[in-house]
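J.: The structure under discussion is supplied below as structure tokens; questions concerning it will follow.
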Amino acid sequence: MKVLVSGRLPEAVIRSIAAEHEVEVNSNDYPMERSEILARLPDKQGFLCMITDSVDAELLDHAPQLKMIANYGVGYNNIDLAAATARGIPVSNTPGVLTDATADAAFALMLACARRVVEGDRRTRQGRFKHWAPLHFLGTEVSGKTLGIVGLGRIGRAVCRRAAGFGMRVLYHSRHRLPAEDEADLSVTHAGLHELLAEADFVSLHVPLTEHTRHLIGAGELRRMKPTAYLINTARGPVVDEKALVQALREGRIAGAGLDVYENEPDLAPGLAERENTVLLPHIGSATIETRTRMAELAAENLLAGLRGQRPPNCLNCQQIYGS
Ligand code: NAP
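For the sequence shown, the working numbering assigns the number 3 to the initial residue and increments by one for each residue that follows.
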């Protein structure tokens with residue numbers, strides 16, 4: 003069969019796909035243009051896509067032979083799952099293998115914001131570190147503070163485990179409340195979103211992007227946060243109303259923000275880059291050698307299983323496609 007891989011992946015992974023199928027690969031590190039994907043898909047049975055590819059009904063109409071879509075990423079908001087399901091195409095993602103790397107990134111942002119790491123680095127390089135003084139460059143403590151986790155899934159829980167090492171009190175808000183014994187095991191307390199926002203010193207977002215979570219954090223929610231609190235987003239940009247965030251940062255209504263993802267990537271909302279009290283990463287939550295390799299391997303495993311007519315290990319629409 004014929005396969006399109008729209009991002010550059012490790013050679014060994016491409017070889018594993020090429021052992022069974024004819025593969026076309028994006029050989030550079032830029033996202034493949036949509037027009038190129040549309041032109042290449044008509045004769046393909048397999049598509050290993052990136053989270054930057056919008057796999058919508060129009061694209062699927064250009065791919066009448068498609069039998070399997072394997073997303074390179076756990077978040078699959080880039081894929082119209084209903085449209086793929088309606089065409090009988092299994093879709094998979096890469097859960098679990100990027101949990102720790104993304105939790106580390108969230109914690110890195112939290113520490114960097116609180117201790118003004120990036121601002122301090124900038125100042126030192128500019129030759130503005132002239133002397134030590136007791137009241138210079140004060141940050142805020144992370145240890146012992148209250149962390150509010152929005153979305154206590156795989157990554158939210160991994161952040162929670164890290165927070166235990168910092169002696170933090172953890173509140174969580176999720177769609178479903180955990181059983182009492184799980185809450186006790188994780189030392190977390192359930193809270194409504196508004197209560198969490200009002201109490202947390204750090205609010206860390208770990209929900210998927212869905213129609214329910216788009217702009218989950220808007221002007222009203224930001225207004226509920228403490229003026230000393232930080233917002234950390236390693237989930238998806240549109241979960242936060244970025245214009246409202248810039249306004250809140252500008253007016254000092256929250257202390258700062260650590261962001262890995264943006265509403266209109268790779269663009270930033272006007273004014274965001276000018277704020278000193280932000281730490282801005284280029285969507286690298288899962289970007290470690292170990293994790294990106296494992297993601298590629300898992301996406302390929304899913305793709306190959308689907309093309310063999312087997313149930314992909316991380317199938318998102320199994321129920322509808324395979325019946326149970
Ligand atoms: P997960 O295990 O599915 O966890 C998501 C959690 O969010 C679940 O606990 C879910 O609750 C909760 N949730 C869903 N909708 C909600 C809502 N409307 N309100 C409150 N909570 C809601 O997913 P994960 O593996 O932790 O990944 C989370 C997200 O992180 C991904 O979807 C992806 O977008 C993002 N991510 C980003 C990067 C990066 O590079 N920055 C890397 C990896 C992942 P229920 O269990 O009750 O449904």
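Note that CB positions come from ideal geometry on N, CA and C, so glycine has one too. Model, not experiment: these values are computed from the prediction.
#1: Scan the segment 80-161 and note each continuous beta strand (DSSP E) run of 3 residues or more that stays entirely inside, going in chain order.
#2: Answer yes or no: do residue 201 and residue 150 have a C-beta to C-beta separation smaller than 8 Å?
#3: Which ranges does the alpha helix (DSSP H) cover as unbroken runs of at least 4 residues, wholly within the segment 291-318, from first to last along the chain?
#4: In chain order, what residues of the same chain lie with their CB nearer than 7 Å to the CB of residue 98, ignoring the 5 residues before and after it?
#5: Over the uninterrupted alpha helix (DSSP H) stretch that includes residue 324, give me the two end residues.
#6: Just checking residue 76 against ligand 1 - is the residue's beta carbon closer than 7 Å to any of the ligand's heavy atoms?
#7: Less than 7 Å separating the Cβ of residue 237 from some heavy atom of ligand 1?
#8: Should the segment 21-34 be regarded as contacting the segment 50-63, the criterion being three or more beta carbon pairs within less than 8 Å?
#9: Taking one C-beta from the segment 127-139 and one from the segment 96-110 each time, how about it: are there three or more such pairs within less than 8 Å?
#10: Where does residue 45 land, buried or exposed, given buried means 16+ other C-beta within 10 angstroms?
#11: Would you check whether ligand 1 has a heavy atom nearer than 7 Å to the C-beta of residue 370?
#12: Could I get the ranges of all uninterrupted alpha helix (DSSP H) runs contained in the segment 200-258, with 4 residues as the minimum, in chain order?
#13: So the beta strand (DSSP E) residue 171 belongs to, where does it begin and stop?
#14: Of all the options 183, 176, 206, 180, which has the alpha carbon lying nearest to the alpha carbon of residue 194?
#15: Measuring CA to CA, which of 103, 66, 21, 232 is closest to residue 164?
#16: For residue 75, which three-state DSSP category applies?
#17: Within the chosen definition, does the segment 232-249 reach the segment 178-189 through at least 3 CB pairs nearer than 8 Å?
#18: Could you tell me whether any non-hydrogen atom of ligand 1 is closer than 7 Å to the CB of residue 284?
#19: If you run the structure through DSSP and keep just helix, strand and coil, what is residue 15?
#20: State whether the segment 246-257 contacts the segment 273-284, with contact taken as three or more CB pairs (one from each stretch) at a distance under 8 Å.
T.: To lay it out plainly:
#1: 148-152
#2: yes
#3: 291-309
#4: 156
#5: 320-324
#6: yes
#7: yes
#8: yes
#9: no
#10: exposed
#11: Because the chain here runs from 3 to 326, residue 370 falls outside it and cannot be looked at.
#12: 221-226, 244-252
#13: 171-175
#14: 176
#15: 103
#16: coil
#17: no
#18: no
#19: helix
#20: yes
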